[in-house]
Amino acid sequence: MMLRLPRSARQWHQLSHQHHCFSSTPTAMAAADFIRQGKKIVAIGRNYDLHVKELGNTRPAEPFMFLKPTSSYLASGGKMEIPEGVLAHHEVELGVVIGKTGRDISEAEADSYVAGYALAVDMTGRNVQDHVKKKGLPWTTAKGFDTFTPIGSFIPREQLTNPHNLTLTLKINGAFKQNGSTSAMIFQIPRLIQHISSIMTLEEGDLILTGTPEGVSQVSPGDKVECTLVDTASGKQLALLEFDAVSRAGGYKFAGL
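Counting from 1252, one number per residue, gives the positions in the sequence shown under the numbering used here.
Printed below as a string of structure tokens:
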């Protein structure tokens, strides 16, 4: 049975094959098509000190993670839907696309498991998250809404000189909200891969969201969001991710439970 995707996601799929497949091998093609092939999104929280401080959290002693459903993907150019009563916050991030299956991966061999990267936004229902955190409940609702993971095109690993020297930016209606560097990660990508794979098997097409720098704020219906990923050393723009925020018609409503 063929998987039916939203129109914007089908467009992303077509673009990934036209412009972003870096090899003709089945493995490489599957990784480049991670939005359809991947089984999970592993998101890292609290991986930038200034973001930890702005939310009043504690700096983690080891990588802190949660899962998002792949049904939350939204291709660039799509409409991000905000459910009624939900205070939506943006978190721009570097995504790491896994290229082959692995378990108990060492930091030394972690890079060989990376197929490429993608610019992403981890949208969060902040008031929903705050509410469940007070009760000691999971964050799944706050993070898992459909369209709550806007995602850019696949970037082959070979196109990035250093994933820890990239600039992440996010603008709302033309105004800068986030402008940070991946050099400020508390735990770098090899450590993240080592930690995650010590707990769960990483599979081809899985996406790791590596955390967000400071500057998170509200996204409201009617807003236009634009994100970029830039090689800091050369100034070259590697990715552009854009989406519009709209109100979701029907479905979930947050009323404080």
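In this text, a Cβ means the ideal position worked out from N, Cα and C, and glycines have one as well.
Taking a contact to mean a Cβ-Cβ separation below 8 Å, would you say residue i touches residue j in this structure?
i, j, result
"THR1400", "ILE1292", "yes"
"VAL1348", "PHE1285", "yes"
"MET1331", "THR1398", "yes"
"ALA1282", "GLY1367", "yes"
"GLU1313", "HIS1446", "yes"
"GLN1429", "PRO1464", "yes"
"VAL1383", "ALA1369", "no"
"GLY1431", "ALA1490", "no"
"GLY1350", "THR1321", "no"
"ALA1205", "PRO1311", "The structure shown does not extend to residue 1205, since the chain is modelled only from 1252 to 1508, so the question has no answer here."
"VAL1470", "ILE1423", "yes"
"THR1461", "LEU1480", "no"
"LYS1475", "ASP1495", "yes"
My understanding is that residue i touches residue j, with C-beta atoms under 8 Å, so please give their C-beta distance in whole angstroms.
i, j, result
"VAL1467", "HIS1302", "7 Å"
Measuring alpha carbon to alpha carbon, tell me which residue in the options is nearest residue i.
i, options, result
"PHE1396", "SER1432, VAL1337, GLY1328", "VAL1337"
"THR1452", "SER1434, THR1352, GLU1344", "THR1352"
"PRO1389", "ALA1371, GLY1456, LEU1492, MET1316", "MET1316"
"GLU1409", "HIS1382, LYS1422, TYR1364", "TYR1364"
"ASN1416", "GLY1501, ASP1482, GLU1313", "ASP1482"
"TYR1503", "GLY1376, PRO1472, ASN1424", "GLY1376"
"ALA1509", "ILE1459, MET1374, ILE1450, ALA1369", "Nothing can be reported for residue 1509: it is not among the residues displayed for the chain, which extend from 1252 to 1508."
"HIS1340", "TYR1324, ASN1378, ASN1413, GLY1328", "ASN1378"
"SER1327", "ARG1499, VAL1470, GLU1493", "GLU1493"
"LEU1345", "SER1448, ASN1298, SER1322, GLY1329", "ASN1298"
"ILE1356", "ALA1371, GLU1454, LEU1318, LYS1319", "GLU1454"
"SER1448", "GLY1296, ARG1354, GLU1305", "ARG1354"
"SER1485", "VAL1372, ASN1413, GLY1425", "ASN1413"
"GLY1425", "ASP1300, CYS1478, GLY1501", "CYS1478"
"GLN1380", "VAL1372, ASP1373, THR1391", "THR1391"
"SER1434", "ASP1300, ARG1287, LYS1385", "ASP1300"
"GLY1329", "PHE1505, ALA1506, GLY1473, GLY1507", "GLY1473"
"GLY1501", "MET1436, GLU1335, ASN1308, LEU1325", "GLU1335"
"ILE1450", "ASN1308, LEU1318, ALA1506", "LEU1318"
"GLN1439", "LEU1325, PHE1505, LYS1385, ALA1359", "ALA1359"
"SER1323", "LYS1385, THR1418, MET1374, PHE1505", "MET1374"
For the beta strand (DSSP E) holding residue i, just list the boundary residues, first then last.
i, result
"PRO1441", "Element bounds for PRO1441: not the beta strand (DSSP E) but the alpha helix (DSSP H), 1440-1450."
"PRO1401", "1400-1402"
"LEU1411", "Note, LEU1411: premise wrong, no beta strand (DSSP E); not H, not E."
"ALA1426", "1426-1432"
Which whole runs of the alpha helix (DSSP H) in the segment 1285-1326 are 4 residues long or more, in chain order?
-> For the segment 1285-1326, whole alpha helix (DSSP H) runs of length 4 or above, ordered along the chain, are 1285-1288, 1300-1305.
Whole alpha helix (DSSP H) runs in the segment 1334-1390 with 4 or more residues, listed along the chain?
-> Whole alpha helix (DSSP H) segments, 4+ residues: 1377-1385.
Contiguous beta strand (DSSP E) assignments of at least 3 residues, all confined to the segment 1442-1508 = If one requires a minimum length of 3 residues, the beta strand (DSSP E) runs lying completely within the segment 1442-1508 are 1458-1460, 1475-1482, 1488-1498, in chain order.
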